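Quick notes on the structure that follows.
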Amino acid sequence: MVVCYHDRSEAGTTRMTMGLTTVLRTLYTRPSRWFIMSDTDTRDPTSLRTPIVAVLGHVDHGKTSLLDKIRGSAVIEGEAGAITQHIGATAVPLDVVSSIAGELVNPDDFDLPGLLFIDTPGHHSFTTLRSRGGALADIAILVVDVNDGFQPQTLEALDILKRSQTPFIVAANKIDTVPGWNPNEDTPITATYESQSDRVTGRLDESLYQIIGNLSDEGFSADLYWRVQNFQRNVGVVPVSAMTGEGVPDLLAVMMGLSQRYMKEEMEIDVAGPGVGTVLEVKDEKGFGTTVDMVLYDGTIKADDQIVVGGQNDPLVTDVRALLQPRPLAEIRTESRFEKVDEVGAAAGIKVAAPDLDDAMAGAPVRVVRNRALEEVVTEVEAELADIAVDTAEQGVVVKADTLGSLEAMADALEEAEVPIVRAEVGDIAPRDVSVASTADEPKQRAILGFNVDVLGDASGRAEIDDVTIFSDEVIYQLIEEYEEYVEGIERAQQDTILENITRPARFRILPDHTFRQNDPAVVGVELYAGTLQNNNTVVKFEGNDPDRVGQVKGIQDQGEDVDEARAGDRVSVAIDGPTVGRQIEEDDVLWAEIPEKHAKILEQELTSEIPGDELEALNMYLEKQRKRDPFWGK
Ligand SMILES: Nc1nc2c(ncn2[C@@H]2O[C@H](COP(=O)(O)OP(=O)(O)OP(=O)(O)O)[C@@H](O)[C@H]2O)c(=O)[nH]1
Ligand SMILES: [Mg+2]
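Quick note on our numbering: the sequence shown kicks off at 205 and runs consecutively.
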């Protein structure tokens with residue numbers, strides 16, 4: 205499926221200024237199931253899996269509340285039994301979607317079995333949600349708080365959606381918090397919108413247009429969902445409240461419609477085939493040891509299957525000991541939170557208990573072996589892992605991340621920022637990472653960038669001793685910005701020290717009637733035309749283009765005070781050891797500080813932006829003279 209995101213032109217401001225009410229009326233005149241194509245397909249619906257929907261967004265913008273609301277609404281509709289709570293996910297079957305969405309969804313129009321929502325906590329990296337080199341989620345909901353607007357993790361989520369080409373819609377949440385809002389529980393947005401006062405709708409519109417504008421700034425053409433004709437070109441924005449349920453029918457209808465229309469082919473799977481999935485989290489579970497929470501996106505997994513799981517080093521081969529699902533709420537009093545199941549089919553969230561899972565990595569592939577050669581499956585897992593592997597350099601920074609997916613995203617972002625990586629691994633920052641970082645030759649590479657990971661106690665002490673800087677953040681671009689600022693600081697300091705050790709250009713003239721002493725040393729009054737004259741500078745005089753060394757500065761006095769240097773515009777007296785006034789030098793002569801060729805090269809190639817304009821001018825004149833004699837001088 206091709207998703208075009210970079211068409212900014214369609215979020216035209218003229219359309220946006222059109223009153224929402226006017227627009228909403230047009231929704232009524234349009235068939236409510238506007239996004240369904242005529243469906244003459246007769247494929248066996250049992251071979252279609254549930255689309256996986258990732259719910260993303262900034263911390264506290266209401267992702268979990270939205271899913272709770274959907275579950276809660278189902279209870280009210282008497283459909284609670286139909287909703288199954290999965291590990292890390294909630295499965296909502298089509299008939300439940302339809303009963304919540306009311307007339308917006310007619311189940312006869314669909315053959316997809318429903319939707320599987322994956323909730324991603326704001327502080328967690330949703331980059332875990334990967335599969336076979338792409339996004340694990342087939343489609344996503346980006347939740348944005350209408351009061352809070354775009355926040356760092358909103359931008360991060362957008363970036364990941366863009367990179368992975370995942371289609372998405374935006375849920376503009378918490379519309380009930382608009383001052384004066386008159387709630388109409390669980391109604392479609394159109395109905396509740398019409399019952400609000402103009403003042404209230406005006407304020408809501410403002411927030412919504414702000415969000416649409418923010419999306420456009422990020423390169424996504426967006427509009428309120430009922431105005432979007434082509435969801436492959438435009439991002440639909442759905443105003444909702446997870447608190448009152450307003451707009452939730454619309455949200456479900458759009459998700460269902462989009463999946464059916466654009467994703468049906470990708471949902472075709474071999475239902476009974478060996479399962480394929482992605483590790484969401486590796487967790488210690490009392491009574492089960494190390495378990496993995498995974499999302500199965502293809503085939504089935506059975507309680508007696510052999511599986512291959514991506515590990516820190518090699519693929520792990522192990523036998524499933526138990527498949528665990530959360531117990532329904534009513535049965536929570538029993539000793540275990542989980543109930544064992546014999547088999548699950550895609551798409552599903554499931555906890556797998558098995559021996560030897562300690563080295564499993566979040567974001568890594570899981571494959572069921574079943575009737576195939578083990579070697580073949582191991583090779584498949586290896587190939588997937590190799591696909592994610594980060595290219596490392598001889599020298600560079602150390603990168604740690606919580607999951608394979610986020611490691612990959614970090615590596616991409618660092619490559620873009622032209623920051624080389626010496627080592628990239630999933631896991632917390634440990635002392636041995638500090639050891640690796642401390643071997644870097646360049647100070648700016650003595651750094652560890654940790655995304656969503658902890659710094660183990662002894663690692664931070666070690667880092668201080670070894671002069672390694674640790675950066676850690678929960679937003680990738682912020683992490684990289686922090687590091688870039690640090691590098692800039694180091695480079696500035698380095699240039700300052702280079703500049704201290706380099707001879708600066710200076711051009712000056714001996715003033716007439718200012719010879720205070722003829723020689724040993726000659727003391728003359730000078731005026732600096734350009735640059736910085738420093739004590740101990742060698743002084744040259746050009747005869748045509750040939751520089752003649754005439755002596756060395758042995759003291760500078762400004763109004764009777766000894767100084768180390770003089771700047772352009774200054775008039776100072778200078779003691780020059782070597783020449784005699786009237787022989788090697790004369791009053792009115794123009795003299796120069798000699799710039800060693802190596803220094804001239806560094807100045808021209810690295811420091812032109814660091815030195816003052818007059819000094820640059822002196823440098824260029826000096827270079828010009830030298831290069832007339834020798835075109836390669838200082839190159
Ligand atoms: N008034 C109002 N409050 C809401 C709404 N949605 C969520 N909240 C509140 O916002 C807070 C955060 O909601 P959550 O659902 O936990 O947010 P989240 O996005 O899952 O947060 P993380 O998982 O921490 O990233 C809670 O106090 C909710 O009650 C809404 O539509 N209206
Ligand atoms: Mg949450």
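Positions of the beta carbon are idealized from the N, C-alpha and C atoms, including for glycine. Because the structure is a prediction, the values reported are computed rather than measured.
Just the Cα atoms here: how many angstroms apart are residue i and residue j?
i: Lys829; j: Gln698; result: 30 Å
i: Thr448; j: Ser251; result: 36 Å
i: Lys832; j: Ala628; result: 51 Å
i: Val770; j: Val778; result: Residue 770 is actually Ala in this sequence, not Val. Rounded to whole angstroms, Ala770 to Val778 spans 10 Å at the Cα level.
i: Val521; j: Lys839; result: 60 Å
i: Asp563; j: Leu589; result: 14 Å
i: Ala552; j: Val601; result: 38 Å
i: Leu683; j: Glu622; result: 14 Å
i: Leu827; j: Ile815; result: 16 Å
i: Leu346; j: Trp385; result: 23 Å
i: Val296; j: Gly266; result: 18 Å
i: Gln788; j: Arg753; result: 9 Å
i: Asp658; j: Leu362; result: 25 Å
i: Phe424; j: Lys366; result: 9 Å
i: Pro716; j: Glu801; result: 31 Å
i: His803; j: Phe836; result: 14 Å
i: Lys805; j: Gly729; result: 30 Å
i: Phe372; j: Asp313; result: 21 Å
i: Glu485; j: Gln809; result: 50 Å
Please go through the same chain and pick out, in chain order, the residues whose beta-carbon is closer than 8 Å to the beta-carbon of residue i, but skip the five residues on each side of it.
i: Gly493; result: Ala557, Pro559 and Leu561
i: Gln756; result: Asn740, Asn741, Thr742, Val743, Ile780, Asp781 and Gly782
i: Pro751; result: Val744, Lys745, Trp796, Glu798, Lys829 and Gln830
i: Asp272; result: Ala446
i: Lys843; result: Summary: the structure shown does not reach residue 843, with the chain confined to residues 205 through 839, and so no result is reported for it.
i: Leu660; result: Asp632, Ile633, Ala634 and Pro635
i: Met565; result: Val483, Val486, Gly514, Gly515, Gln516, Thr607, Leu608 and Val630
i: Asp645; result: Gln599
i: Glu389; result: Thr448, Gly449 and Glu450
Within its chain, find whatever has a CB closer than 6 Å to the CB of residue i; leave out the 5 residues flanking it on each side and keep chain order.
i: Val573; result: Gln510 and Val581
i: Thr391; result: Glu450
i: Arg525; result: Ala557 and Ala558
i: Leu732; result: Phe712, Ala770, Ala772 and Asp774
i: Glu422; result: Leu362
i: Thr254; result: Pro317, Gly318, Leu320 and Ala551
i: Leu270; result: Ala446
Looking at the secondary structure, which residues open and close the alpha helix (DSSP H) in which residue i lies?
i: Asn418; result: Asp402 to Asp421
i: Thr396; result: Ile393 to Glu398
i: His803; result: Glu801 to Glu810
i: Ile652; result: Unbroken run through Ile652 is the beta strand (DSSP E), Ala651 to Phe655; no alpha helix (DSSP H).
i: Leu827; result: Gly817 to Arg833
i: Tyr466; result: Val452 to Met467
i: Met614; result: Leu608 to Glu620
i: Tyr690; result: Ile680 to Glu704
i: Pro635; result: Pro635 to Ser642
i: Ser368; result: Pro356 to Ser368
Is the CB-CB distance between residue i and residue j below 8 Å?
i: Arg713; j: Asp762; result: no
i: His262; j: Gln357; result: yes
i: Ile680; j: Ala593; result: no
i: Asp670; j: Val638; result: yes
i: Arg407; j: Val382; result: yes
i: Ile505; j: Ile554; result: yes
i: Glu819; j: Arg721; result: no
i: Leu419; j: Val483; result: no
i: Leu462; j: Gly481; result: no
i: Leu344; j: Leu412; result: Contrary to the premise, residue 344 reads as Ala rather than Leu in this sequence. Not closer than 8 Å, so no.
Using a Cβ-Cβ distance under 8 Å, would residue i count as near chain D?
i: Glu398; result: No chain D appears in this structure, which consists of one protein chain only.
Leaving out five residues on either side along the sequence, give the residues of the same chain with a beta carbon under 7 Å from the beta carbon of residue i.
i: Pro647; result: Ile694
i: Glu821; result: Ala734
Could you spell out where the beta strand (DSSP E) holding residue i opens and where it closes?
i: Ala726; result: Ala726 to Gln738
i: Glu154; result: Outside the shown range of the chain (205 to 839) lies residue 154, about which nothing can therefore be said.
i: Gly553; result: Ala552 to Ala557
i: Asp677; result: Thr673 to Asp677
Are the stretch 438-455 and the stretch 381-397 touching, with three or more C-beta to C-beta distances below 8 Å?
-> These segments touch.
Between the stretch 294-312 and the stretch 450-462, do at least 3 Cβ pairs fall closer than 8 Å?
-> As far as the Cβ criterion goes, the stretch 294-312 touches the stretch 450-462, which means the pair count is three or higher.
May I ask you to verify whether the stretch 517-526 touches the stretch 466-478, counting CB pairs closer than 8 Å and requiring at least 3?
-> With the cut-off at 8 Å, the stretch 517-526 and the stretch 466-478 do not touch.
Does the pairing of the stretch 665-682 with the stretch 647-656 give three or more beta-carbon distances under 8 Å?
-> The answer is yes - the stretch 647-656 touches the stretch 665-682, with three or more Cβ pairs under 8 Å.
Would you check if there are 3 or more beta carbon pairs closer than 8 Å linking the stretch 304-323 to the stretch 352-370?
-> Result no; under three Cβ-Cβ pairs closer than 8 Å.
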